[in-house]
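Enquirer: The sequence shown begins at 9 in this note's numbering and counts up one residue at a time. No residue lacks a Cβ here, since even glycine has one placed at the ideal position from N, Cα and C. After the structure tokens below, expect a handful of questions from me.
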Amino acid sequence: MTDDLPAWPTVHALLADGPTGCVRSALSDDPDQLQGFYEELSPDNLRPRFADVNPALARTEGVTVPDARPRLLPRRPQDPYPRRLR
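Below is the structure:
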């Protein structure tokens, strides 16, 4: 990670159990701390962190999220009062 990239502003996120967490840009000394964090996780906890069905593609340049929304053709509205023409 390089420090020459523009840093995003630091924000605080409300966590599900009540406290807030600080979200910030990655720094050059973060890889060693992250490696230690992941090594301490149990296999049961490690798997859900990375087995996500989210179609985001992460690379060193950034994250690409493809548009995976299903597209449906519009359906013609049906007449609630069907009539027969004579």
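Under a three-way DSSP split, which group does P70 fall into?
Expert: For this step, residue 70 is matched to residue 62 along the sequence shown. Residue 70 is actually Gly in this sequence, not Pro. Strand at G70.
Enquirer: Could you spell out where the alpha helix (DSSP H) holding G44 opens and where it closes?
Expert: Position 36 of the sequence shown, counted from the first residue, corresponds to residue 44. 38–48 is the span of the alpha helix (DSSP H), which, as asked, contains G44.
Enquirer: Please go through the same chain and pick out, in chain order, the residues whose beta-carbon is closer than 7 Å to the beta-carbon of Q86, but skip the five residues on each side of it.
Expert: As a first step, residue 86 is located in the sequence shown; it is residue number 78 there, counting from the start. Result list for Q86: empty, nothing under 7 Å.
Enquirer: DSSP on L22, reduced to helix/strand/coil?
Expert: Position 14 of the sequence shown holds residue 22. Strand.
Enquirer: Might you give, ordered along the chain, the residues of its own chain that have their beta carbon closer than 7 Å to the beta carbon of R84, omitting 5 neighbours on each side?
Expert: Locating residue 84 in the sequence shown gives position 76, where the first residue counts as 1. Hits under 7 Å: none found.
Enquirer: Could you check whether S33 and P16 sit closer than 8 Å to each other, using their CB atoms as the reference points?
Expert: Taking the sequence shown and counting its residues from 1, one reaches residue 16 at position 8. Taking the sequence shown and counting its residues from 1, one reaches residue 33 at position 25. The sequence as given places Trp at residue 16; Pro does not occur at that position. Cβ distance < 8 Å, so W16 and S33 count as in contact.
Enquirer: How long is the line joining the alpha carbons of G44 and P74, rounded to whole angstroms?
Expert: The residue you call residue 44 lines up with position 36 of the sequence shown. The residue you call residue 74 lines up with position 66 of the sequence shown. Cα to Cα, G44 sits roughly 31 Å from P74.
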